[in-house]
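A.B. asks: In our numbering, the protein residues as written are 337 to 509.
Dropping the structure here:
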């Protein structure tokens, strides 16, 4: 459990509980989406190419067997499991300012997840969030300029929401 690991780091004095951020890409992005719907302990989050809804993911990803194996069944066979594993259905609990990254041509975790996450957080819940779409990129950021832009966005976001520095919005790709 990620939060138990965080607690251990806090208990050992390695992490300042008042200055934590969380970041992940792909399955890590999914875990970030889960974390921001479960706790407000992190001052900021960066979610990259993360699944928001498992049933939708089953229907639109390029490797549909992956979700079936992960969920141990099809959506209509395990509806409660799909619901429980999908951050979408707990999004109203989110409070963490969240930066969202996605490749504009991602076949693995299509941009619809990131757009829906942004819409929910920003438009409906009023939680500070930004959506950065990397044109022509798939599930990973293959262009150096896009990897650099992602890091610049993460640093600016964390500097602002974790360290309290003025937000200097980087250029979008």
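Virtual Cβ for every residue (Gly too), placed ideally from N, Cα, C.
(1) Where does residue 467 fall in DSSP's three states?
(2) For residue 429, is the classification buried or exposed, using 16 other Cβ atoms within 10 angstroms of its Cβ as the cut-off for buried?
(3) Compute the distance between the beta-carbons of residue 385 and residue 365, then report whether it is under 7 Å.
(4) If you follow the beta strand (DSSP E) that residue 361 is part of, which residue opens it and which one closes it?
(5) Verify whether the separation of the beta carbon atoms of residue 467 and residue 436 is less than 7 Å.
(6) In angstroms, rounded to a whole number, what distance separates the CA positions of residue 503 and residue 485?
(7) In its own chain, which residues sit with a C-beta less than 6 Å from the C-beta of residue 362, not counting the 5 before and 5 after it?
(8) Would you decide whether residue 391 is buried or exposed? Buried here means 16 or more other CB atoms lie within 10 Å of its CB.
(9) Is the stretch 414 to 431 touching the stretch 447 to 460, taking contact as three or more C-beta pairs under 8 Å?
(10) According to the Cβ coordinates, are residue 492 and residue 509 closer than 7 Å?
(11) CA-CA distance, residue 395 and residue 387?
(12) Indicate whether residue 434 and residue 498 have their beta-carbon atoms separated by less than 7 Å.
(13) By the DSSP assignment, the beta strand (DSSP E) with residue 381 in it spans what residues?
C.D. replies: This is what the structure gives:
(1) The residue given as residue 467 occupies position 131 in the chain shown. Strand.
(2) Here the question's residue 429 lines up with position 93 in the chain shown. Result: exposed.
(3) The residue given as residue 385 occupies position 49 in the chain shown. The residue given as residue 365 occupies position 29 in the chain shown. Contact check for residue 385 against residue 365 passes: the beta carbons are separated by less than 7 Å.
(4) As a working mapping, residue 361 is identified with position 25 in the chain shown. 357 to 361 is the extent of the beta strand (DSSP E) around residue 361.
(5) Against the chain shown, residue 467 aligns to sequence position 131. Against the chain shown, residue 436 aligns to sequence position 100. Cβ distance < 7 Å, so residue 467 and residue 436 count as in contact.
(6) Residue mapping note: residue 503 aligns to position 167 of the chain shown, counting from 1. Residue mapping note: residue 485 aligns to position 149 of the chain shown, counting from 1. Approximately 15 Å between the Cα atoms of the pair.
(7) Counting from one through the chain shown, the residue named residue 362 turns up at place 26. Closer than 6 Å at the Cβ level, and outside the excluded window around residue 362, lie 385.
(8) Working through the chain shown from its first residue, we reach residue 391 at position 55. Residue 391 is buried by the Cβ-count criterion.
(9) Verdict: yes, contact present.
(10) Position 156 of the chain shown, counting from 1, holds the residue named residue 492. Position 173 of the chain shown, counting from 1, holds the residue named residue 509. No.
(11) Counted from its first residue, the chain shown places residue 395 at position 59. Counted from its first residue, the chain shown places residue 387 at position 51. Residue 395 and residue 387 have their alpha carbons spaced roughly 12 Å apart.
(12) Counting from 1 along the chain shown, the entry for residue 434 is found at position 98. Counting from 1 along the chain shown, the entry for residue 498 is found at position 162. No, they are not a contact pair.
(13) Position 45 of the chain shown, counted from the start, is the residue given in the question as residue 381. If you look at residue 381, you'll find it in the beta strand (DSSP E) that goes 380 to 384.
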